[in-house]
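Contents: one structure, followed by commentary.
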Amino acid sequence: MTATPAIVVNGVSGRMGRMLVQVIGASPRARLGGAIERPGHGWIGQDLGIMMGGTANGVIVSDDPAQALKGMQAVVDFTTPASSVALASVAAAAGVAHVIGTTGLSPADLAAITTAARNGVIVRAGNMSLGVNLMTALVRRMAAALDTDYDIEIVEAHHRHKVDAPSGTALMLGQAAAEGRGVSLDDAAIRARDGITGPRERGGIGFAVVRGGDIIGEHDVIFAADGERIVLRHVASDRSVFARGALKAALWAQGREPGEYSMADVLGF
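Residues in the sequence shown are numbered from 0 upward in steps of one, following numbering that gives the first Met the number 0.
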């Protein structure tokens with residue numbers, strides 16, 4: 000692995016983009032090599048340091064991913080499904096590891112990313128934090144150990160600006176629960192309740208969504224049976240946990256064979 004891999008941030012003006020710039024800039028193990036924004040964005044052609052309210056750092060914001068990735072080792076991407084899918088093939092062609100934290104991906108988007116991973120290294124996760132990925136592993140084991148006398152409910156909360164629901168993290172936790180039970184999440188998921196719904200179906204995996212204020216991310220997985228409840232909870236109080244996880248993934252990806260990896264692979268779970 001290169002001593003200090005050069006990492007590009009896609010969607011650099013966004014909440015996560017800015018946080019990634021800070022985390023990468025503070026790391027002795029990597030350096031910020033480039034910055035990408037969508038065509039027409041006001042930061043294009045400008046020095047990133049100045050655009051972020053500081054001093055010039057020599058990183059010029061680009062709207063050309065292929066050019067921005069030349070000579071780089073990784074690109075980190077918390078943007079939109081369309082942007083991430085388009086970047087996946089570009090990164091693979093450039094031999095640059097692509098870390099994807101984007102959520103709201105459709106089955107077609109996921110299929111396109113899997114295709115790109117035949118020729119490149121992709122690390123994709125609905126959540127990049129160590130705590131959430133440990134929680135996911137625990138959910139899978141608990142779902143396998145507890146039978147359908149235990150109803151599974153997943154409750155997630157995010158800020159008012161989040162555009163997808165349930166969150167990628169909630170779906171990741173739901174998928175883990177489904178795998179533990181040996182069922183398909185598509186078949187078991189209960190996405191909405193309204194009106195006279197009747198009794199809860201045995202074996203279902205329920206989702207509830209809260210949106211409001213500046214909530215960064217909160218996830219509860221509830222195993223509820225007659226007489227007891229087990230609740231696993233993760234609360235993110237700072238977006239840097241996701242940025243640090245993404246940086247860890249970018250470093251881990253160096254020298255890997257082409258393929259699609261998860262944070263469970265990165266963390267050795």
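Even glycine gets a Cβ: it sits at the ideal position worked out from N, Cα and C.
Span of the beta strand (DSSP E), counted from its first residue to its last, around residue i
i: G32; result: 30–35
i: I195; result: No beta strand (DSSP E) holds I195; DSSP gives it neither H nor E.
i: V120; result: 120–123
Beta-bridge partners of residue i, as assigned by DSSP
i: D76; result: N9, I99
i: F222; result: I151, I229
i: H157; result: R210
i: I59; result: D46
i: E178; result: The partner list for E178 (beta bridge, DSSP) is empty, contrary to what the question assumes.
Collapsed DSSP secondary structure at residue i in the structure displayed
i: R14; result: helix
i: Y260; result: strand
i: V20; result: helix
i: G269; result: Any question about residue 269 goes unanswered here, given that the chain covers just 0 to 268.
i: A235; result: strand
i: A188; result: strand
i: G53; result: coil
i: G216; result: strand
i: V162; result: coil
i: M71; result: coil
i: G94; result: coil
i: A2; result: coil
N- and C-terminal bounds of the alpha helix (DSSP H) containing residue i
i: K247; result: 239–251
i: T38; result: Just to set this straight, residue 38 is Pro in the shown sequence, not Thr. P38 -> no alpha helix (DSSP H), and no H or E assigned at all.
i: V138; result: 129–144
i: I112; result: 106–115
i: A67; result: 64–67
Under 8 Å between C-beta atoms of residue i and residue j
i: L68; j: V89; result: yes
i: M301; j: V95; result: Nothing about residue 301 can be reported from this structure: the residues present for the chain run from 0 to 268 only.
i: A207; j: V154; result: yes
i: G179; j: V138; result: yes
i: V131; j: H233; result: yes
i: F222; j: I214; result: no
i: R28; j: L266; result: no
i: G244; j: S128; result: yes
i: I6; j: L31; result: yes
i: R210; j: M15; result: no
i: D62; j: E36; result: yes
Supposed close pair residue i, residue j - CB separation, criterion 8 Å
i: G125; j: G194; result: With 8 Å as the limit, G125 and G194 do not qualify as a contact, their Cβ atoms being about 30 Å apart.
i: A93; j: A65; result: 7 Å
i: A242; j: M18; result: 5 Å
i: L231; j: V220; result: 5 Å
i: E256; j: T113; result: So it is not a contact: roughly 15 Å between Cβ atoms.
Below-8 Å beta-carbon distance, residue i vs any chain D residue
i: E36; result: Considering every chain present, this structure includes no chain D. It has just one protein chain.
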